[in-house]
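If you're matching positions, the sequence shown starts at 1 in UniProt numbering and goes up one per residue.
Every residue gets a Cβ at the ideal spot worked out from N, C-alpha and C, and that includes glycine.
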Amino acid sequence: MTWSRDGGLLTVFLAGDLDGGVSTALHARLYDLLTADPADKIVLDLAGVPFCDASGARVLTAAHHLATSRGADCRARRAQPSVAWLLRLTHAAHLLALDD
Numbered sequence: 001m002t003w004s005r006d007g008g009l010l011t012v013f014l015a016g017d018l019d020g021g022v023s024t025a026l027h028a029r030l031y032d033l034l035t036a037d038p039a040d041k042i043v044l045d046l047a048g049v050p051f052c053d054a055s056g057a058r059v060l061t062a063a064h065h066l067a068t069s070r071g072a073d074c075r076a077r078r079a080q081p082s083v084a085w086l087l088r089l090t091h092a093a094h095l096l097a098l099d100d
C-alpha cells in the first residue's frame, strides 16, 4: 500500500491480493492512515489488486465507514473485473461509488 496527498485528496494505491491473509494488517494500516492525517476525499485505487475475497471487501467497507464517520468522501476506482464483480455482489461497489 502506498498513498499520495494533494491538498484535501488522499489517494491510496492498493496492490496484491486482498484476502484473509492480509486483511487484518491492511485494516490496521488503513485505520492508521485515515486517522493520522484526515482528508476531505479519499480514493482507494484498486488497479493493482488482482484478487479480492469477502474479507478484503470488508476491509474496504470498513475504510469507507471510517472515512465517512470523519466527514470524508470515500470512493474506489480502477478495480479489475473480478474485483469489481465481487464488490458489486457484496454491494460494496455501491457504497464505495465504484467507477466502471
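- With respect to the C-alpha of SER82, the residue from TRP3, LEU18 and ARG5 having the closest C-alpha is LEU18.
- The beta carbon of ALA84 lies closer than 7 Å to those of ALA93 and LEU98 in the same chain, with the five residues before and after it left out.
- At a Cβ-Cβ threshold of 8 Å, LEU89 and ALA76 do not count as neighbours.
- Taking 8 Å as the cut-off, the beta carbon of ARG70 is found no closer than this to the beta carbon of LEU46.
- Between VAL59 and ALA15, the C-beta spacing is not below 8 Å.
- For the pair ALA63 and ARG5, the Cα-to-Cα distance works out to about 17 Å.
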